[in-house]
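Every letter in the sequence shown is one number past the one before it in the numbering used here, and letter 82, counting from 1, is 80.
No residue lacks a Cβ here, since even glycine has one placed at the ideal position from N, Cα and C.
Have a look at the structure below, then the notes.
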Amino acid sequence: MNGALTVRTVIDGTEYTQDDIRRWELDRARNALALLKNRIGDELMRELLSEDLRVADEIMAPLPDGAWQSAVTEMEIDGITAEEFLTWWQGRLASADRTALLAANPEHYLADSADGVVEIIETIGSGPLRFFLTFHDGVAIEDEGHETYPVRIGGTGRLTDGTEICRVMHEFGDGPRGLRIRLTIQFPASAPEHVFTGHKWHFACEFLNWLEAAHAAR
């Protein structure tokens, strides 16, 4: 009996697959994580992660040559328009909806939006990083194809001491196959490769969760 593991589960007369149980586990894990984040609170979260954040500051500090490298994630979504999603998403940012911001990714540890600046602690690569994101015009990300996205929302992320360590450009538009989103972040080119690879998946996770929440709220 060295074959693949097969589990048959019956609850109240109904048979469930292993995938059913894993979906239940994911839902409960999200609830458990939300409970812990809320119980810990922002001040204690900063304290608990202080050593990780100190190390991250050193890793992410740009070199004097000023070179930047992009990480890009693209998505196409059927079932919701750019206007519908942006109304929901920007509303969450404007209202400092802590629950929605933290729930988007298990590695969102803190999201405090106030006075046009979002304080964020999230995993960048392999560990937590604290930075302050300000959305503004004139962000210097000009890759090919931007002209096909009518809505472009850019920003700059800085460490506590004001050092610029990331630039973001979130782009949105409606196409023949639905909503199109291109998410770009730039880090100093000197950052470890896992920072760039990890954030492509980070984007995919958080925007999928936000898209599902926006769709459900229509």
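### Query
Do you know whose CA, among Glu82, Leu33, His144 and Gly64, lies nearest Arg96's CA?
For the purposes of this step, residue 96 is identified with residue 98 of the sequence shown, where counting begins at 1. Cα-wise, what sits closest to Arg96 is Leu33.
### Task
List the residues that DSSP assigns as beta-bridge partners of Phe130.
Here residue 130 refers to the residue found at position 132 of the sequence shown. Beta-bridge pairing links Phe130 to Glu117 and Arg156.
#### Entry: Three-state secondary structure (DSSP) of Val193
The sequence position of residue 193 within the sequence shown is 195, counting from 1. Assignment of Val193 by DSSP, reduced to helix, strand and coil, places it in the helix class.
### Query
Cα separation between Val5 and Ala138?
Translated into the one-based positions of the sequence shown, residue 5 becomes position 7. Translated into the one-based positions of the sequence shown, residue 138 becomes position 140. Each residue's Cα considered, the two are about 53 Å apart.
### Query
Given Tyr14, which residues of its chain have a CB within under 6 Å of its CB, disregarding the five upstream and five downstream residues?
Indexing the sequence shown from 1 puts residue 14 at position 16. Within the same chain, Tyr14 has close Cβ partners Thr7.
### Query
Are at least three pairs of beta-carbons, each pair with one atom in the stretch 161 to 176 and one in the stretch 98 to 111, less than 8 Å apart?
no
### Message
I believe Leu209 touches Phe83 by the beta-carbon criterion, under 8 Å. Please report the beta-carbon distance rounded to the nearest angstrom.
### Response
To locate residue 209, count along the sequence shown from 1; it is residue 211. To locate residue 83, count along the sequence shown from 1; it is residue 85. At roughly 6 Å, the Cβ-Cβ gap stays under 8 Å, so Leu209 and Phe83 are in contact.
### Task
Have a look at Met73 and Val193 and give me their C-alpha separation to the nearest angstrom.
Taking the first residue of the sequence shown as position 1, residue 73 is located at position 75. Taking the first residue of the sequence shown as position 1, residue 193 is located at position 195. Computed Cα separation, rounded: 20 Å.
### Message
Could you tell me which whole alpha helix (DSSP H) segments of length 4 or greater appear in the stretch 74 to 117?
### Response
80 to 92 and 96 to 101
#### Entry: One or two residues paired with Ala211 in a DSSP bridge
Within the sequence shown, residue 211 is the residue found at index 213, counting from 1. Paired residue(s): none; Ala211 is not in a bridge.
#### Entry: Asp50 beta carbon less than 8 Å from that of Gly155
Indexing the sequence shown from 1 puts residue 155 at position 157. Indexing the sequence shown from 1 puts residue 50 at position 52. Against a cut-off of 8 Å, the Cβ pair of Asp50 and Gly155 comes out as no contact.
### Per-residue burial, Leu24 [other beta carbons within 10 Å of its own, 16 or more giving buried]
Residue 24 sits at position 26 when you count from the first residue of the sequence shown. It is exposed - the Cβ of Leu24 has fewer than 16 other Cβ atoms within 10 Å.
### Query
How long is the line joining the alpha carbons of Leu157 and Gly64, rounded to whole angstroms?
Reading the sequence shown from its first residue, position 159 is the one you call residue 157. Reading the sequence shown from its first residue, position 66 is the one you call residue 64. Computed Cα separation, rounded: 16 Å.
### Query
Counting along the chain, where does the alpha helix (DSSP H) carrying Asp172 start and finish?
Here residue 172 is taken as the residue at index 174 of the sequence shown, counted from 1. Looking at the DSSP string, Asp172 is not in any alpha helix (DSSP H); the run it does join, the beta strand (DSSP E), is Glu162 to Gly173.
### Check whether Tyr107 and Glu117 have beta carbons under 8 Å apart
Along the sequence shown, read from residue 1 onward, the residue named residue 107 stands at position 109. Along the sequence shown, read from residue 1 onward, the residue named residue 117 stands at position 119. Cβ distance not < 8 Å, so Tyr107 and Glu117 don't count as in contact.
### Message
Looking only at its chain, what residues have a beta carbon closer than 7 Å to the beta carbon of Phe129, apart from the 5 residues adjacent to it on each side?
### Response
The residue given as residue 129 occupies position 131 in the sequence shown. Once the five neighbours on either side are set aside, the close Cβ partners of Phe129 are Ile118, Gly155, Arg156, Leu157, Ile163 and Cys164.
### Query
Do you know how far the Cα of Ile122 is from the Cα of His197?
Position 199 of the sequence shown, counted from the start, is the residue given in the question as residue 197. Position 124 of the sequence shown, counted from the start, is the residue given in the question as residue 122. Approximately 6 Å between the Cα atoms of the pair.
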